[in-house]
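K.L.:
Start counting the sequence shown at 1; every next residue gets the next number (our numbering). There's a structure below that I have some questions on.
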Amino acid sequence: MRLGVLDVGSNTVHLLVVDAHPGGHPTPMSSTKAILRLAEQIDDDGRLVDRAADKLIDAVDEFTRIAESSGCEQIMAFATSAVRDATNCDQVLADVEAKTGVTVDVLSGTDEARLTSLAVRRWYGWSAGRILALDIGGGSLEMSNGVDEEPDVALSLPLGAGRLTREWLPDDPPDRRRISVLRDWLDAELKGAAKQLSDCGRPDMVVATSKTFRSLARLTGAAPSSAGPRVRRELTSSGLRQLIAFISRMTTSDRAELEGVSSDRAGQLVAGALVAEAAMRALDIDTLEICPWALREGVILRRLDSGLE
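Structure follows, in structure tokens:
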């Protein structure tokens, strides 16, 4: 069956078209993105502003037509942090459904962590043992630890790269003092979560997913995406520290020129790197491996597990 997965994220709306069947490896057929930056279009009352909601409706409508023309038999649409946190979330998604016919499910942060953990587990298999998984999005940081497809601990913290850029690093390039203060604040914010994750067992493998981690790994010497998904890619704490010292002195436009950094993510790269650094420090991680599968694949796999009727 050909499926369309529509991911309404904090930065982008992303349509992934895959060929999938139960027990098989989901094969990506096409990928289409629209940069909406929904997380940046929240007013003082916490509402997603009308113009952003209108753009979301247009994007869902357009991507639905793309999915249908691509032969998708089903469309699975979900929203994460930006829409989830909006005070008018229910109304926005009701309008989306009324005008496009598409029901967009809102994933909780915990569900994001659980589904990402599922994707990571399926990618590496049972032989990987206990896996600690990290994912940095635009609005939140997801973490999990477990030996099964359902992790022992699944957590979500409001420490996304876009959120922290807006709240902490408005200057371009970022203010050095604010970076220092943010580092201390992140250490305090992650202390409790790190204890929860550590208490359930020391991991045999530490894995990271998401565009932020992929970009950081690429900038510290990992293979480019053109090398394929099965090439092993790593991120080390020492390499990350050196990278932060470099990119934190650059402007957003200069960071956008770096290989592996997209223009829509360049402004968030420093905050994302600081979150990655703090998480690795809190969890005493020296090296982590980059997994090509993440939340979207987890959504697909869960749907395949539950049947495709």
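We put the CB at the ideal spot given by N, CA and C, even for glycine. The structure presented is a predicted model; accordingly, all values stated were derived computationally and were not measured.
Taking residue 303 as part of the alpha helix (DSSP H), name the residues at either end of that continuous run.
P.N.:
Segment 295-306, the alpha helix (DSSP H) holding residue 303.
K.L.:
Can you tell me whether residue 65 is helix, strand or coil according to DSSP?
P.N.:
In this structure, residue 65 counts as helix in the three-state DSSP scheme.
K.L.:
Please identify the residue among 69, 190, 143 and 65 whose C-alpha is closest to the C-alpha of residue 295.
P.N.:
The candidate whose alpha carbon is nearest that of residue 295 is 143.
K.L.:
Quick check on the burial criterion: 16 or more other C-beta atoms within 10 angstroms. Buried or exposed for residue 211?
P.N.:
The residue is buried, with at least 16 neighbouring Cβ atoms inside 10 Å.
K.L.:
Tell me which residues share the same chain as residue 27 and place their Cβ nearer than 8 Å to its Cβ, disregarding the 5 neighbours each side in the sequence.
P.N.:
Cβ neighbours of residue 27 beyond the five flanking positions: 18, 19 and 20.
K.L.:
What are the start and end residues of each continuous alpha helix (DSSP H) run of 4 or more residues lying completely inside the segment 154-241, in chain order?
P.N.:
Correct list: 161-168, 176-199 and 211-219.
K.L.:
Report, in whole angstroms, the separation of the C-beta atoms of residue 183 and residue 283, which I expect to be a contact under 8 Å.
P.N.:
That belief does not hold up - the Cβ atoms of residue 183 and residue 283 are roughly 16 Å apart, past 8 Å.
K.L.:
What does a CB cutoff of less than 7 Å around residue 64 pick up in its chain, not counting 5 residues either side in sequence?
P.N.:
Closer than 7 Å at the Cβ level, and outside the excluded window around residue 64, lie 75, 100 and 102.
K.L.:
Report the residue ranges of all beta strand (DSSP E) runs contained in full by the segment 50-121; include only those spanning at least 3 residues, in chain order.
P.N.:
You should have 74-79 and 104-106.
K.L.:
Restricting to Cα atoms, I'd like to know which of 138, 197 and 14 is closest to residue 82.
P.N.:
Out of 138, 197 and 14, 138 has the C-alpha closest to the C-alpha of residue 82.
K.L.:
Quick test of your reading: residue 39 and residue 70, contact by CB under 8 Å. State the CB separation rounded to the nearest angstrom.
P.N.:
In fact, because the Cβ distance is near 28 Å, the residues do not count as touching under 8 Å.
K.L.:
Select from 23, 16, 84 and 219 the residue whose C-alpha is nearest the C-alpha of residue 302.
P.N.:
Among 23, 16, 84 and 219, the Cα nearest to that of residue 302 is on 23.
K.L.:
Bridge partners of residue 134, per DSSP?
P.N.:
DSSP output for residue 134 lists 143 and 208 as bridge partner(s).
K.L.:
Would you say residue 117 touches the ligand ATP, meaning its beta carbon is less than 7 Å from a heavy atom?
P.N.:
With respect to the ligand ATP, the structure offers nothing, as it holds no ligand at all.
K.L.:
Below 8 Å, how does it come out for the segment 79-96 and the segment 45-59: are there three or more Cβ pairs, yes or no?
P.N.:
The segment 79-96 is in contact with the segment 45-59.
K.L.:
Under the three-state reduction of DSSP, which class applies to residue 269: helix, strand or coil?
P.N.:
It is helical.
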